[in-house]
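Just so you know, we're using the numbering used here here: the sequence shown kicks off at -19 and counts up by one. Heads up: the structure comes next, in structure tokens.
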Amino acid sequence: MKKIAVFTAITLLLPVLLAGCGSSVIKEENKVETVSEELLTVGFSQLGAESDWRNTNTVSMQEALSKENGFNLVYKNGQQKQANQITAVRMFIQQGVDYIVLAPATETGWDIVLAEARDANIPVILVDRRVDVSDKGLYSCWVGSDFELESKKVTAWLKAFSDRRNISPENIHIVNIQGSIGSTAQIGRTRGLANAAREYGWDLLTEASGDFTENKGREVMAALLKGHDNINVVYCENDNMAIGAIDAIESAGRKVGPNILNGDIMVVSFDGVNEQSLDYCREGKISCIAECNPLHGPRVRALIEALQAGETPEKFNYVDERIFSSLDIVDNISVDGITYDVEEP
Ligand code: GYE
-19 MKKIAVFTAI TLLLPVLLAG CGSSVIKEEN KVETVSEELL TVGFSQLGAE SDWRNTNTVS
41 MQEALSKENG FNLVYKNGQQ KQANQITAVR MFIQQGVDYI VLAPATETGW DIVLAEARDA
101 NIPVILVDRR VDVSDKGLYS CWVGSDFELE SKKVTAWLKA FSDRRNISPE NIHIVNIQGS
161 IGSTAQIGRT RGLANAAREY GWDLLTEASG DFTENKGREV MAALLKGHDN INVVYCENDN
221 MAIGAIDAIE SAGRKVGPNI LNGDIMVVSF DGVNEQSLDY CREGKISCIA ECNPLHGPRV
281 RALIEALQAG ETPEKFNYVD ERIFSSLDIV DNISVDGITY DVEEP
């Protein structure tokens, strides 16, 4: 495979300090650098920096694909826009990188650029979210979470909780603050809730996207409270939106918590990465969090090393994840025949 000898430097994003992630800092975007022939050049198109999950994921990738580990990583931040990611992938192709790692913003719209990568003989590894392409041969493999399973865990927890508290299904009035529409995480988490609401007879009032950000979560929640006076469960498709939503609920003079027949609004969420959301979970402000594991760097590294060694890794690689609640009411849940202990956050 072709190696790149020379790159020259550009770009600049202020390093983003990670909440809840100790001292890890995202390195600036980079493009050009002189690298030794010994290193494998990897172009990583990250979709953005919208959440703590995402920033932790970026750091994990940068740490695993470091020079010390034998990699020359070219990192591009797509700013939550697929068009930017397509440009980044084309740039990687032009530079003749050895591997492309893509964390795609949305599922659709990748056929053409991935065909260009294949024509250039550059293997593509997908991380986190997936692409919906007519030919699965356009990428080598994927590693990430089962987002619908995460949703099934949260809804199983809510079902068990409401059964134990004798809350009848028609008294459960849910709004869903969705992630970025068309992303794999949104699609799976939204589908899981819709299926559970139908199966259990919950009142799913409405859904609106908060784009996985704290600010939009706050905005959307404020609007939902104005439009519906009976909301008692908020299902947030990530923790950053949950933090924003909790702020909006409290600013509206309402209380977050599990006593939903006595005026509380219950918040449930996904990720378990950000320290504040874990604190909220310990305090009972967030009743339940399905973990979503962002530490894919070493997994992607292992996939690249397998491909380098001429092996064919599994096409789809799922990570194991937990469920958290500090409420002493549901010890475990069962989903698709598997029992998961509900753990302390
Ligand atoms: O849950 C959210 C992030 O795709 C799993 O994207 C990821 C999701 C994660 O912005 O916080």
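Note that the Cβ used here is the ideal one computed from N, Cα and C, for glycine as well.
Query: Distance between VAL39 and LYS7 (C-alpha atoms, nearest Å); Result: 8 angstroms
Query: Limits of the unbroken beta strand (DSSP E) element including GLN26; Result: 20 to 26
Query: heavy atom of ligand 1 below 7 angstroms from TRP33 C-beta; Result: yes
Query: Inter-residue Cα distance where the pair is ASP191 and CYS216; Result: 11 angstroms
Query: Own chain partners of ARG110 with C-beta closer than 8 angstroms, once the 5 adjacent residues on each side are dropped; Result: PRO84, GLU87, TRP122, GLY124 and THR164
Query: Close beta carbons around GLN26, own chain, < 8 angstroms, minus the five adjacent residues each side; Result: ARG34, ASN37, THR38, MET41, TYR55, LYS56, ASN57, GLY58 and ALA83
Query: Expected contact under 8 angstroms - CB spacing of TYR79 and ILE226 to nearest Å; Result: Contact doesn't hold; Cβ gap of about 40 angstroms is too wide.
Query: Option nearest ARG145 by Cα separation, candidates PRO325, ASP300, ASP308 and ASP321; Result: ASP308
Query: Buried or exposed (CB count within 10 angstroms, at least 16 for buried), ARG281; Result: buried
Query: Candidates GLY264, PRO293 and LEU275, of which the one nearest SER306 by Cα; Result: GLY264
Query: Rounded C-alpha distance that separates GLU199 from ALA232; Result: 12 angstroms
Query: Close beta carbons around ARG171, own chain, < 8 angstroms, minus the five adjacent residues each side; Result: GLU128 and SER131
Query: ILE318 versus LYS116, LYS133, ILE161 and ALA270, residue with shortest Cα-Cα distance; Result: LYS133
Query: ILE66 to ASN101 span [Cα, whole Å]; Result: 17 angstroms
Query: TYR260, buried or exposed, once every other Cβ within 10 Å from all chains shown has been counted against 16; Result: buried
Query: Near ligand 1: ASN220 beta-carbon under 7 angstroms from a heavy atom; Result: yes
Query: Residues near VAL248 in its chain [Cβ-Cβ closer than 6 angstroms; skip 5 each side]; Result: VAL134, TYR215, SER267 and CYS268
Query: Neighbourhood of PHE296 by C-beta distance below 6 angstroms, restricted to the same chain and skipping five residues each side; Result: TRP122
Query: For LYS116, the three-state DSSP class (helix, strand or coil); Result: helix
Query: Run of the beta strand (DSSP E) containing GLY197, from where it starts to where it stops; Result: Run containing GLY197: none in the beta strand (DSSP E); it sits in the alpha helix (DSSP H), 194 to 207.
Query: Distance, GLU255 Cα to GLN158 Cα; Result: 21 angstroms
Query: Nonlocal neighbours in the same chain, by C-beta distance under 8 angstroms from GLY181, ignoring five residues either side; Result: PRO149 and GLU150
Query: For ASN312, the three-state DSSP class (helix, strand or coil); Result: strand
Query: Boundaries (first-last residue) of the beta strand (DSSP E) holding LEU184; Result: 183 to 189
Query: Cβ separation of ALA177 and MET201, assumed to be a contact under 8 angstroms, to the nearest whole Å; Result: In fact, because the Cβ distance is near 19 angstroms, the residues do not count as touching under 8 angstroms.
Query: According to DSSP, residues forming a beta bridge with TRP122; Result: LEU106 and PHE296
Query: Every unbroken beta strand (DSSP E) inside the stretch 66 to 98 [3 residues or more]; Result: 79 to 82
Query: Limits of the unbroken beta strand (DSSP E) element including SER142; Result: Element bounds for SER142: not the beta strand (DSSP E) but the alpha helix (DSSP H), 127 to 144.
Query: Cβ-based burial, ASN212 [other Cβ within 10 Å; buried from 16]; Result: buried
Query: Proximity to GLU187 [Cα-Cα], best of ILE167, ASN156 and GLY162; Result: ASN156
Query: GLY268: first and last residue of the uninterrupted beta strand (DSSP E) it sits in; Result: Before going further, note that residue 268 is Cys rather than Gly in the sequence given. Counting along the chain, the beta strand (DSSP E) containing CYS268 begins and ends at 266 to 271.
Query: Close-in-space but distant-in-sequence residues of the same chain around PHE347 (CB under 6 angstroms, 5 per side omitted); Result: Outside the displayed range of the chain (-19 to 325) lies residue 347, so it cannot be described from this structure.
Query: Neighbourhood of GLY162 by C-beta distance below 7 angstroms, restricted to the same chain and skipping five residues each side; Result: THR86, GLU87 and THR88
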